[in-house]
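For reference, the structure is listed below as structure tokens.
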Amino acid sequence: MQDGVEVLVDTNIIIYILKGSKELEKFQSKIVGKQLVMSFASLPELFLWVEGEPSKEQRERINDFINDCRVIYSNIQIAMTVAKIAYEYEKRRKKSEFRHSRKWHDFWIAATAIESKLPLLTNNIKDFKWIREKFGLNLLTS
35 MQDGVEVLVD TNIIIYILKG SKELEKFQSK IVGKQLVMSF ASLPELFLWV
85 EGEPSKEQRE RINDFINDCR VIYSNIQIAM TVAKIAYEYE KRRKKSEFRH
135 SRKWHDFWIA ATAIESKLPL LTNNIKDFKW IREKFGLNLL TS
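Quick note: to get our numbering, add 34 to the position in the sequence shown (first position is 1).
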């Protein structure tokens, strides 16, 4: 039963749920009874993941999960926050704080959480820690 509290889940958490992964155990207390919410930016990541395991059962599980979730789609506020995050990322990358290229899907997921005022549950704290520090992202982890 859901208690009405929503949590936005990063793609890695969704994949743990769909796989029934042991990794999910450490996140159970953060999701049990919660309404799971996902950013539209997780959709292509999920569809890409299932391309590697194209079983009918796996596709049905993804479709069922998506139908059971509230999916938040982009709007002007989310897009503006993505631009601010990307701008800050580029400033930091020029100072050699980051070595890899932009992770647009992470920017969209973080901006969705920020603008929706939802906590983001992830197992990739390193990808979002600086966004929490700069933009006040409410970040949950195990």
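For each residue, glycine too, the CB sits at the ideal point set by N, CA and C.
- Query: Based on Cα-Cα distance, which residue from K168, G170, F169 and F162 lies nearest to P43?
  - Reply: As written in the sequence, residue 43 is Val, which differs from the Pro given in the question. It is F162.
- Task: Name the one or two DSSP bridge partners that V71 has.
- Result: L42 and R104
- Message: Could you compute how far the alpha carbon of Q62 sits from the alpha carbon of I106?
- Response: 22 angstroms
- Just tell me which of I65, I51 and W164 has its CA closest to the CA of K125. W164
- Task: Let me know the secondary structure DSSP gives L171 once reduced to three states.
- Result: coil
- Query: Cα separation between N101 and K129?
  - Reply: 42 angstroms
- Decide if P78 is buried, meaning its Cβ has at least 16 other Cβ atoms within 10 Å, or exposed. exposed
- What does a CB cutoff of less than 8 angstroms around L155 pick up in its chain, not counting 5 residues either side in sequence? V41, L42, V43, D44, I47, F61, K64, I65, L174 and T175
- Item | Straight-line Cα distance separating T115 from M35 | Bear in mind that the predicted position of M35 carries a pLDDT of just 40, short of 50, making it unreliable; the figure below should be weighed with that in mind. Between M35 and T115, the C-alpha separation is close to 33 angstroms.
- Message: Rounded to the nearest angstrom, what separates L70 and R127 at their Cα positions?
- Response: 33 angstroms
- Does the beta-carbon of F141 have 16 or more other beta-carbons within 10 angstroms, so that it is buried, or is it exposed? buried
- Query: Who are the near neighbours of R95 in its chain, counting only those whose CB is closer than 6 angstroms to its CB and skipping five residues on each side?
  - Reply: L52
- Message: Just to check my reading of the structure: I119 and S73 have Cβ atoms closer than 8 angstroms, yes? What is that Cβ distance to the nearest angstrom?
- Response: Incorrect: roughly 13 angstroms between the Cβ atoms, too far for contact.
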